[in-house]
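Enquirer: First, the structure itself, so that you have it in front of you.
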Amino acid sequence: MMQERDPFTTPSASSYATPYSDVSSPRLAPHPYQASGQRQGSSLDSYRDEPENAGYPPASPAASGLLLPGGAASQAGYSVYPGNPQPQNAYASGYNGADSPYVPGRASTDQRRKRRLIGLAAVVGLIIVAVAVIVPVYFAVIKKNNTKATSSTSSSPSSGSTTGSSGDSGGGKKPTGAITGADGSTVLTADGTSFLYKNQFGGFWVDDPGNPFLNSAAPNSWTPPLNQSWTWGKDKVYGVNLGGWFVLEPFIAPALFQKYPSAADEWTLSTMMRADGTLESTMENHYDTFITEQDFAEIAGAGLNWVRIPIPFWAISTWADVGKDATGATVAEPFLQTVCWKYIVRALNWARKYGLRVNLDIHTAPGSQNGYNHSGKLGQVNFLNGPMGVANAQRMLDYIRIVIEFVSQDEYKDLIPMVGIINEALLSTIGRDQLTSFYLRAHDMIRGITGYGTGNGPYISIHDGFDGVSSWEGFLPGSDRIILDTHPYFAFDQQPNNAPIGLSSDPATAGGVWPKQACDSWGPSISTSQTAFGVTVAGEFSNGYNDCGLYVTGVNGSQHYGGDCTLFLDSTNWNASMKAGLMQFSLASMDATQNWFFWTWKIGAASNGIVGAPLWSYKLGLENGWMPTDPRKSIGVCAGLGVSKAESFDGTYSAWQTGGAGAGTIAPSASAKFGSWPPVSIANVEAASMKVMPTYTPTASITTLTYVTPTAKVAVPSPSVGLGNGWKNAGDKTPAMTAVAGCVYPNAWEALTLQAPAALCTGA
0 MMQERDPFTT PSASSYATPY SDVSSPRLAP HPYQASGQRQ GSSLDSYRDE PENAGYPPAS
60 PAASGLLLPG GAASQAGYSV YPGNPQPQNA YASGYNGADS PYVPGRASTD QRRKRRLIGL
120 AAVVGLIIVA VAVIVPVYFA VIKKNNTKAT SSTSSSPSSG STTGSSGDSG GGKKPTGAIT
180 GADGSTVLTA DGTSFLYKNQ FGGFWVDDPG NPFLNSAAPN SWTPPLNQSW TWGKDKVYGV
240 NLGGWFVLEP FIAPALFQKY PSAADEWTLS TMMRADGTLE STMENHYDTF ITEQDFAEIA
300 GAGLNWVRIP IPFWAISTWA DVGKDATGAT VAEPFLQTVC WKYIVRALNW ARKYGLRVNL
360 DIHTAPGSQN GYNHSGKLGQ VNFLNGPMGV ANAQRMLDYI RIVIEFVSQD EYKDLIPMVG
420 IINEALLSTI GRDQLTSFYL RAHDMIRGIT GYGTGNGPYI SIHDGFDGVS SWEGFLPGSD
480 RIILDTHPYF AFDQQPNNAP IGLSSDPATA GGVWPKQACD SWGPSISTSQ TAFGVTVAGE
540 FSNGYNDCGL YVTGVNGSQH YGGDCTLFLD STNWNASMKA GLMQFSLASM DATQNWFFWT
600 WKIGAASNGI VGAPLWSYKL GLENGWMPTD PRKSIGVCAG LGVSKAESFD GTYSAWQTGG
660 AGAGTIAPSA SAKFGSWPPV SIANVEAASM KVMPTYTPTA SITTLTYVTP TAKVAVPSPS
720 VGLGNGWKNA GDKTPAMTAV AGCVYPNAWE ALTLQAPAAL CTGA
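Residue 465 in numbering that gives the first Met the number 0 is what sits at position 466 of the sequence shown, and the numbering runs on without skipping anything.
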């Protein structure tokens, strides 16, 4: 997510138990994103957003206990599949409300006959009601989706291993309860608890444990349900990140790191927990409890419609041998391998249940793509940089391929319309041409799996490398559905940023200079990029206008803030003016970026029980009054601050940018310039050494991701529909990359400070 200054030196590791040696890594540059220097102008205002203008039928009654006795559905009628009406009074009783007379002793023949007739009438009445309710729901929701779920024709790859199994989902008697619900309905969870679903925006959930692929839910009335098309330029992303859940960051999950004070990243933390035997139990507990189903329900209830879920490559696999360190010892990746995958699948199920679309972001890369702690290891950049740069990129392409094969299945393609293929690759270190060559290679590989054009696989999200969106104008013209992801932060511009934000509780003047600065800095460039590049989103932003907060700049990080950070370590000390200022800053940021994902939904409490980085928590702000209860309140904020509308995007993309005519026909000039793979040059590798750079060979079995969820604490049925086999394209049979037998590689995570090979190793 973010970069840390003053990082630990991270010499090579010889084993899990010895995370550091005396070989120091190069000092990292400060975070490259600069908030200054952006063009002035307006935010965007052309998107359809207000519910009354929506082209979709109303999603649900405003308050309902759908398909529950006494719920609003029994009064007004309701369809869980928009466009298919339900009968009125779906749960009308078959009785008139008066009990039959009771006479002690044996009843007479006439009385018995009368009772039988009354009972028969009641049974018939109940059957009629049940048919009236179940049949429309069955044909509108269950049968439609069962047919879709079982119609997949994907087959397994010819060889390979599997991550996960469908056998962990639990079994037994199906819990009673609604298959759908809206505001005021009770949700029963797999851990045996329940909560009240609160959604005042017409959102509704849909759930059937027997068929986990129902796509009928919607988070609100202005967002199309999952089984209806999302239209870029018309529909707008109001999203939130689920950071720190599957990829640890010290400032998001501080209590985990406070137990190990010298741990600055997940590599070191995993090493230390592995050494004391707590790695698996600690991480499983974190995966299981940090974000819960109720969080997803609250996200939908907050008027949000997307979640960005960062995932690590070790959800798929780790390597026990990534090369030799300076002492000649074999280095193994210490991360907990594959365990988080079943929790990721559960997260996808929850997102589907509440109608939330998913941007699945591959947040880490072998060797580290940026040297930040959220890449897995703080220190060097060894992805497309240095002697192991190409080898690490080869391995990363396999991880991207495995994820794309999974999410492109019919069961997931509507739920996951966007995949971030690598988070925050550091362009200033890697080089623009080299990174573009990787992006082109990944694009061609992905579209070779999914096919070209609308509906064939997810949009491919690439990060701007902290070089600003304007520098990507004209990127790979004719490519198929690539999204540019930018992460605008003031917190890391290395400025004091001490202008006060808590000046007034009046929305007209709250926030000081910060709301307008967000509009001026981000709005015009992002608006222009919608035309110059194509679909552009802010995959991350926050209320962190300065770099204060527990571990925000790393475990041992220092701040550039020009004042005392104490105020920003505990939100219980904030007054009404402070909260009003942050509210206006967040609204202005939303309006400026237009399609956005706030970083992040939740910041965990530190060991003292206090959230030490409150500027970064959407959930905390929502609960305490500095985040909007309705994100649509952001519309027009920048215009109200006098930001010019001269460059406003009109909502129309070129056809090829959204999978229409021309998509997949890349301009010959771009193919000629960037089509070489591996790139003809790599940073920190002499030209003469390019011919002997270590590479891997495609001779290993490929891993396949499958449907698997954690064992439920209450009995739930196993799914009764096809679950997919994890592999969209049966023709994709290329083996995975692996080390060449007999070759000795330098540690792929610290190769910059190790001796590079002097001769090509063929393994012979």
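For glycine and all other residues, C-beta sits at the position ideal for the given N, C-alpha and C.
Computed from a prediction, not measured in an experiment: that's the story for all the values here.
1. For Gln-85 and Thr-179, I'd like the C-alpha separation in whole angstroms.
2. Considering only residues of the same chain and omitting the five flanking positions on each side of Ile-290, which have a CB-CB separation below 8 Å?
3. With Ser-193 as the anchor, note down where its beta strand (DSSP E) starts and where it stops.
4. With DSSP collapsed to three states, give me the class of Ser-680.
5. Could you round the C-beta distance between Val-536 and Val-236 to whole angstroms and report it? I think they count as a contact, below 8 Å.
6. Do the CB positions of Gly-366 and Ala-299 come within less than 8 Å of each other?
7. Taking all protein chains shown into account, decide if Ser-280 is buried (16 or more other Cβ within 10 angstroms of its Cβ) or exposed.
8. Determine the contact status of Lys-323 and Asn-746, defining contact as a CB-CB distance below 8 Å.
9. Can you give me the Cβ contacts of Lys-376 inside the same chain, cut-off strictly under 6 Å, excluding the 5 residues immediately before and after it?
10. State whether the stretch 208 to 220 contacts the stretch 569 to 581, with contact taken as three or more CB pairs (one from each stretch) at a distance under 8 Å.
11. So, Val-642 versus Lys-341, is the Cβ gap smaller than 8 Å?
12. Looking at Ser-520 and Phe-648, is the spacing between their C-beta atoms short of 8 Å?
13. Which residues in the same chain have their Cβ closer than 7 Å to the Cβ of Trp-293, if we skip the five residues on either side of it in sequence?
14. Measuring CB atoms only, is the stretch 471 to 481 touching the stretch 446 to 461, in the sense that at least three cross pairs come out at less than 8 Å?
15. Can the beta-carbon of Leu-439 be found less than 8 Å from the beta-carbon of Leu-475?
16. Kindly indicate which three-state DSSP category Lys-323 falls into: helix, strand or coil?
17. DSSP beta-bridge partners for Val-536?
18. Confirm, please, whether the CB-CB distance from Pro-249 to Gly-603 is below 8 Å.
19. For Ala-58, which three-state DSSP category applies?
20. Rounded to the nearest angstrom, how far is the Cβ of Val-610 from that of Ser-570, given a contact under 8 Å?
21. Could you check how far apart the C-beta atoms of Trp-229 and Arg-356 are, in whole angstroms? I think they sit under 8 Å.
22. Go ahead and label Val-743 buried or exposed: buried means 16 or more other beta carbons lie within 10 angstroms of its beta carbon, across all protein chains shown.
23. Does the stretch 721 to 740 come close enough to the stretch 398 to 408 that 3 or more CB-CB pairs lie under 8 Å?
24. Report yes or no: do the stretch 696 to 705 and the stretch 506 to 521 share at least 3 C-beta pairs separated by less than 8 Å?
25. Could you check what DSSP says for Val-743 in three-state terms: helix, strand or coil?
26. Where does Glu-749 fall in DSSP's three states?
27. Three-state secondary structure (DSSP) at Met-692?
28. Around the Cβ of Gly-191, are there at least 16 other Cβ atoms within 10 angstroms (buried) or fewer (exposed)?
29. Report the residue ranges of all beta strand (DSSP E) runs contained in full by the stretch 570 to 606; include only those spanning at least 3 residues, in chain order.
30. Report all residues from its chain with a CB closer than 8 Å to the CB of Trp-615; omit the five preceding and five following residues, and keep chain order.
31. Examine the ligand ZN and report whether any of its heavy atoms sits within less than 7 Å of the Cβ of Met-582.
32. Quick check on the burial criterion: 16 or more other C-beta atoms within 10 angstroms. Buried or exposed for Ala-740?
33. Just reading off the beta strand (DSSP E) that Ile-461 is part of, what are its end residues?
34. Of the choices Asn-683, Met-689, Lys-732, whose alpha-carbon is the least far from that of Pro-677?
35. Is the beta carbon of Gly-538 sitting closer than 8 Å to the one on Gly-419?
36. Apart from the five residues on each side of it in sequence, which residues of its chain come closer than 7 Å, Cβ to Cβ, to Asn-572?
Expert: Straight from the coordinates:
1. Here Gln-85 scores only 32 on pLDDT, less than 50, and its place in the model is too uncertain to base an answer on.
2. In the same chain as Ile-290, and ignoring 5 residues on each side of it, the C-beta atoms closer than 8 Å to its own belong to Leu-241, Trp-244, Ala-346, Trp-600, Lys-601, in chain order.
3. It spans 193 to 195 - the beta strand (DSSP E) in which Ser-193 sits, taken as one unbroken run.
4. coil
5. Indeed they touch by this definition, with Cβ atoms about 6 Å apart.
6. no
7. Ser-280 is classed as exposed because its beta carbon has fewer than 16 other beta carbons within 10 Å across all chains shown.
8. Yes, Cβ-Cβ distance for Lys-323 and Asn-746 is below 8 Å.
9. If the five residues before and after Lys-376 are omitted, its C-beta is found closer than 6 Å to the C-beta atoms of Asp-264, Trp-266, Ser-367, Trp-748, all from its own chain and listed in chain order.
10. no
11. It is not a contact, given that the beta carbons lie outside the stated cut-off.
12. no
13. Just to set this straight, residue 293 is Gln in the shown sequence, not Trp. Taken in chain order, the residues that qualify are Phe-194.
14. yes
15. Result yes, Cβ atoms of Leu-439 and Leu-475 sit closer than 8 Å.
16. Secondary structure of Lys-323 (DSSP, three-state): strand.
17. Asp-484
18. Contact: no.
19. Annotation note: pLDDT 35 at Ala-58 (below 50); position unreliable, no value reported.
20. 7 Å
21. Confirmed, Cβ separation roughly 7 Å.
22. Exposed, because fewer than 16 other Cβ atoms sit within 10 Å of the Cβ of Val-743.
23. Here the stretch 398 to 408 lies against the stretch 721 to 740, with 3 or more beta-carbon pairs under 8 Å apart.
24. no
25. In this structure, Val-743 counts as coil in the three-state DSSP scheme.
26. coil
27. DSSP places Met-692 in coil when its eight states are reduced to three.
28. With fewer than 16 other Cβ atoms from the protein chains shown falling within 10 Å of its own Cβ, Gly-191 counts as exposed.
29. 595 to 597
30. Phe-250, Ile-251, Ser-541, Asn-542, Gly-543, Gly-548, Val-551, Trp-598, Thr-599, Ile-602
31. No copy of the ligand ZN occurs in the structure displayed, which carries no ligand at all.
32. Classification for Ala-740: exposed.
33. 458 to 462
34. Met-689
35. Result yes, Cβ atoms of Gly-538 and Gly-419 sit closer than 8 Å.
36. Within the same chain, Asn-572 has close Cβ partners Leu-566.
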